[in-house]
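A short write-up of the structure that comes next.
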Amino acid sequence: MSIAEKFVSMDYGPAPEDPKEAQAWLDRHRRRFGHFIGGEWREPVGGVFFDSFDPSTGEKIASVAQALAADIDAAVKAAREAFPKWQALTCHNRARYLYALARAVQRHSRRLAVLETIDNGKPIRESRDIDIPLVARHFYHHAGWAQLLESEFPDQTALGVIGQIIPWNFPLLILAWKIAPAIATGNTVVLKPAEFTPITALAFAEICTEIGLPAGVVNIVTGDGSAGESLVKHPGVDKIAFTGSTEVGRAIRAATASSHNRLSLELGGKSPFIVFEDADLDSAVEGLVDGIWLNQGQVCCAGSRLLMQESIAEVLTAKVKDRMSTLRAGPPLDKAIDMGAIVAPVQLDRIRRLVEQGIAEGSTCWQPQMVLPTRGLYYPPTLLSNVHPTSVVAQQEIFGPVLAAMTFRTPSEAVELANNTAFGLAASVWSESLNVALQVAAQLKAGVVWVNSTNLFDAACGFGGYRESGYGREGGREGLREYLEPTWFKNAPKMAAVKHPEPKERPESNARGPSGAPSSDSNPSIDRTVKLYIGGKQVRPDSGYSMEVRAADGRVVGEVPSGNRKDIRNAVEAARKATAWSKATAHNRAQVLYYVAENLSQRRNEVAGRLAAAAGEKQAVAEVEAGIERIFAYAAWADKFDGSVHNPPFRTIAIAMNEPIGNVGIICPREVPLLGFLSLVMPALACGNTVIAVPSESYPLITGDLYQIFDTSDLPAGAVNIVTGPASQLLKTLAEHDDVDAIWSFTDDASASAAKAYSVGNLKQVWTNEGRTIDWFNSKQAEGRWFLEHSTQVKNIWVPHGE
Amino acid sequence: MAGERSRQFGGAGRVTEPVVENFPPASVSEAPAATLAGRALLSNRGIPLNLDWLERVRVNTSAVERRTQTHTARRTVKNEWQAAWLLRAITCMDLTTLSGDDTDDRVRRLCAKARQPIQPDLAKQLEIEELEIKVAAVCVYHRFVETARRALEGSGIRVAAVSTGFPAGLNPLEERVAEIRRSVEAGAQEIDIVITRALVFGGKWQELYDEVAEFRRACGSAHMKAILGTGDLLTLRNVARASLVAMMAGADFIKTSTGKESTNATLPVSLVMVRAIREYAQETGMAVGFKPAGGIRTAKQSLEWLSLMKEELGTPWMAAELFRFGVSGLLNDIERQLEHQASGRYSADYRHPIA
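Here the protein sequences come in this chain order: A and B.
The first sequence begins at 1 in this note's numbering and counts up by one.
The second sequence begins at 1001 in this note's numbering and counts up by one.
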């Protein structure tokens, strides 16, 4: 076709990025890669390789080693050997290495971008303008954290060897999200890239060599899910950081339950994209392009559920269709392409299957007229309208360029629909009214909320989910916490394994006076029956049974209700209804907590007197005194545990808010019945959580004192619920309960593992003492930010501005 | 689809009958002026001022900026396609001289360049002689309309005059209207008027509408381009509202700026105006053209604007009937790029005849 003909048609021609240099790099490696372990390339132990393909052509890119358990073991060993020296480096020295990584990524930026596009199928515009610049930005930002680590995180220490497993949708970007904070904080790493997209991780390994990163600090092993499983189960790993599907996240949670591996999960999403009638609709449409049609929709935080206010639904739908018609899909190396290829046949099949199911369930499917390449894995941009919340396409993550649209009437209905999902990764809110946008943003259950924008990422801002989208954050100060722990905790001794007798459900004898404090004279005291405390009421247990409570010397000192799963169910329901507490202002919460301290102080003698029967007089008095101070501390904290405002390189305010997690189940430590309870329940309350507590199994009678104090302190009904009974059974019920958002277990090793194992259902956050000893009387250990951080989750709200 | 959308704007937006006095001008044809998403559009003849529509204008500046930033990275044309697009850019030019030191000779030189924007040997190398590439119009002050008209006689190139107290637009209304009439009488086929920016700041939409409508009447059969002075209006919301009022009042084109403001044509401003044109077309069935002016100096920039038009409005807005560049220096850079396309070597300014 001549220039004259092109002058008439005014079409876009091909604009291919030249892959020559990237191909030459692959050729230099003979298109065959071993594992990168201990700073050198190693042949896989099993001698097995698999191929990585270009999804836009089906052509083989290179052969990559398949890791067996022995390869993983070698990599973990290399990381373990490198750890002491790497951790011992000065902050400044580590910062230099991270800085060098950032510079090297920039030097090789185009090669990395082309390799990413060849391996993954995403448009070169995205790998060139989004992925790779963010990789460099991440290493720059974390070079800074490496430099500031000691001054900004005093008394914190690296965890050790981190096992990292990453997905195929942003291969090098998520590698950077994982490796940069891990090594900046002094950890060493074994990373397994996704089976479909291992190439850029291997290119990064070469960069590590190029800048002289000490051997073993970063190890890259390749392979399929079985390699990941070996890494997860390896006893030499101190933490697993995983990004990927919720199914695999669940399996990893279960597999790591019995080890003391820390775990962070960044999982799937079904993120809402909410458009109000007063939004800039044309800009909202572009937001969708950057949301659901970025990377062919293979984005965990893609705005895949379009929620439109009814009044603008028709207009917006028409605009969306018009815009979809101008999207260009085609060879991803073309610089003028909006959508490239789907990563693998299995993913393409999944998209097709789910869309068909959505249509079968009554959704209307619309796709623009579009010529897709005949070769390669392509799927057109797709709009499903008339989608109901019950439909599979409204609930399940499709991970493709498919938008499910539905309508709402009011802001509160928008929030309800948006939160009607097991996920909670991200959300996008479009309104020109700051009141509406911020009010909705505050109510959304999501780790990231973008106001009038979408899919903005930066190293300075935490990214991560609520609910079944996982836990832990990547980026920002909040992200670094995932790779650090208090030095004292790391060094805390393991609790001696003591077999506590199972509490008996029936008293063997009644050879004692009426329960309660020993009577001071010959006149028997009035019987004091301790009950459960649920929804602000003292209630009898569902079972109708009681358990005896014995003093240290074996003497029976009283009875408590034997709570069961129904009592837990009732307590969780009561906690969920206690919205007054979660909505109370921080100042209000502080006032109530101060009042709790005041009332405990008034009853200090009687509480200590009764506690003395179990804990001895000295400890009882000390617990009450320390307890009053601890309550004061969290009353003080209640309105001071502030969020922060991040500084990403955009014209935006990025607010990192500390939000309560929700319903927190707490298994209190045995050894300090009062102080242990207060040390855990008070920070949870101070941050606005509602609590279902199982008190110390050694002295659950404390319940009777606690609820009398709570009842007189203006604590709203249901904010704290206390269920006594066999702790291990109650723990199981709490950990399995899908409406409990976090479970804390501070008893023994077995309970810590049980809490993790039983939490897989809704992937609730788990926090335990890992069977280690905590000195509850030492406020440096048992009080402060560490507890508050576990009582909150960070929500990042991005608010771009400008008129 | 149009029926669905009309609900947003109530009944007034549906009026397609000419309502402004003396409309349509004799030259306005009933033939479709363009198509948008398959729908035939008439040329603009205005609608009554619709204040509800103005009230509903929402523009999110950050989002608009993001769209234009990614737009330039999402679209590119290479090689022969690039050459074709650059030739198209030439045919959409209002080649402009608006300096205090303009003279008749200077204007004649410009007209000569307008007739032959690329040298015959280059056209031959590119095999595009048959296209007879020339610019769309020459844009001058009233004083030089006559000179330009004579110099361009028989070329098909139109004469455009800036008017109405350009660039500030603050002369008394009668004088501004008289100025239009004089230019039309002198042979200007296109009149670039400037709006009174103060009316936008004051939200005096009725006054603005009346002013532009009066200008439109004075233009008669000449095409009217309404310069919004976007560098003065500053906020994108103001730009969107002023765009709508100018279109409602019957403007054939809306134009960004005078070229005399501190900031002239930018992509964000253009995106907002182009979206306003699209919405106006969807609501009224009438097509309005777009002219970015000032600050467009490189071939690359011209491609960015052309692709913006293609993406937001479609190919009818990539032709002189509905799209113009107000430029003085752009042509030279385009010539150099075309030379590179033909020869494979990078060219130098001095190798191309100046205007």
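Positions of the beta carbon are idealized from the N, C-alpha and C atoms, including for glycine.
All of these numbers come straight from a predicted model, not from anything done at the bench.
Supposed close pair residue 396(A), residue 380(A) - CB separation, criterion 8 Å:
In fact, because the Cβ distance is near 20 Å, the residues do not count as touching under 8 Å.
With DSSP as the reference, label residue 35(A) as helix, strand or coil.
strand
What do you get for residue 1(A), buried or exposed, if any count of 16 or more other CB atoms within 10 angstroms of its CB means buried?
exposed
Could you pull out every residue in the same chain whose Cβ sits closer than 7 Å to the Cβ of residue 1017(B), ignoring the five residues on either side in sequence?
Annotation note: pLDDT 42 at residue 1017(B) (below 50); position unreliable, no value reported.
Using alpha carbons as the reference points, say which of 790(A), 80(A) and 52(A) lies closest to residue 486(A).
Checking every option, the nearest Cα to that of residue 486(A) belongs to 790(A).
Nearest-angstrom Cα distance between residue 1096(B) and residue 1144(B)?
12 Å
Let me check understanding here. Comparing Cα to Cα, which of 701(A), 716(A) and 712(A) lies closest to residue 723(A)?
Of 701(A), 716(A) and 712(A), the residue nearest in Cα terms is 701(A).
State the Cα-Cα distance for the pair residue 697(A) and residue 62(A), rounded to the nearest angstrom.
59 Å
By the 9 Å beta-carbon criterion, what residues does the segment 1314-1344 of chain B contribute toward chain A?
Cβ proximity to chain A below 9 Å picks out 1314, 1315, 1318, 1319 and 1341 from the segment 1314-1344 of chain B.
Between the CA atoms of residue 1129(B) and residue 1339(B) - distance to the nearest angstrom
15 Å
Within-7 Å CB hit, residue 1083(B) to chain A:
yes
Coil, strand or helix - residue 1090(B) by DSSP
helix
Just the chain B side, please: which residues come within less than 9 Å of residue 125(A) by C-beta, in chain order?
Ordered by position in chain B, the residues that pass the 9 Å Cβ test against residue 125(A) are 1070, 1073 and 1074.
So is residue 48(A) buried or exposed if we call it buried at 16+ other beta carbons inside 10 Å?
That one is exposed.
Using a Cβ-Cβ cutoff of less than 6 Å, which residues in the same chain neighbour residue 176(A) once the five nearest sequence positions on both sides are dropped?
135 and 138
If you compare alpha carbons, which of 1045(B), 1205(B) and 1037(B) is closest to residue 1286(B)?
1045(B)
Would you call the segment 710-722 of chain A and the segment 742-753 of chain A in contact, with 3 or more CB pairs under 8 Å?
no
Terminal residues of the continuous beta strand (DSSP E) containing residue 219(A)?
218-220
In terms of residue numbering, what span does the alpha helix (DSSP H) encompassing residue 632(A) cover?
617-638
Local conformation of residue 658(A) per DSSP, three classes
strand
Using a Cβ-Cβ distance cut-off of 7 Å, determine whether residue 10(A) contacts chain B.
yes
Would you mind telling me which residues of chain A sit closer than 8 Å to residue 1037(B), beta carbon to beta carbon, in chain order?
322 and 325
Less than 7 Å between C-beta atoms, sequence neighbours within five positions excluded: which residues of the same chain meet that for residue 168(A)?
The answer, listed in chain order, is 120, 194, 196, 197 and 343.
Closer than 8 Å by C-beta to residue 1005(B): which residues in its own chain qualify, once you throw out the five before and the five after it? Chain order, please.
Reliability of the predicted coordinates at residue 1005(B) is poor, the pLDDT of 36 falling under 50, and no value is obtained from them.
Does residue 129(A) get closer than 7 Å to chain B when you measure Cβ to Cβ?
yes
Distance, residue 1268(B) Cα to residue 655(A) Cα:
26 Å
DSSP state of residue 334(A), grouped into three classes?
In the three-state scheme derived from DSSP, where H, G and I count as helix and E and B as strand, residue 334(A) is classed as strand.
Residue 286(A) versus residue 151(A) - alpha carbon distance:
Rounded to the nearest whole angstrom, the C-alpha separation of residue 286(A) and residue 151(A) is 42 Å.
Close-in-space but distant-in-sequence residues of the same chain around residue 783(A) (CB under 7 Å, 5 per side omitted)
Cβ neighbours of residue 783(A) beyond the five flanking positions: 630, 633 and 679.
Out of 216(A), 189(A), 251(A) and 238(A), which has the shortest C-alpha to C-alpha gap to residue 229(A)?
251(A)
Would you be able to state if there are at least three C-beta pairs under 8 Å between the segment 1184-1197 of chain B and the segment 1159-1167 of chain B?
Segment contact: the segment 1159-1167 of chain B against the segment 1184-1197 of chain B, three or more CB-CB distances shorter than 8 Å; contact assigned.
Chain A within 7 Å of residue 1304(B), Cβ atoms only:
Taking Cβ atoms only, chain A never reaches closer than 7 Å to residue 1304(B), which makes this a no.
Could you check the C-alpha separation between residue 1002(B) and residue 1277(B) for me, to the nearest Å?
At residue 1002(B) the pLDDT is 38, less than 50, meaning the model places this residue with poor confidence; the figure from the coordinates comes in the next sentence. Distance from the CA atom of residue 1002(B) to the CA atom of residue 1277(B), rounded to whole angstroms, is 15 Å.
So what's residue 51(A) in DSSP terms, helix, strand or just coil?
strand
Closer than 9 Å at the beta carbon, the chain B residues around residue 7(A):
1083, 1084, 1085, 1087, 1088, 1091, 1128, 1131 and 1133
Residue 592(A) to residue 398(A) span [Cα, whole Å]:
46 Å
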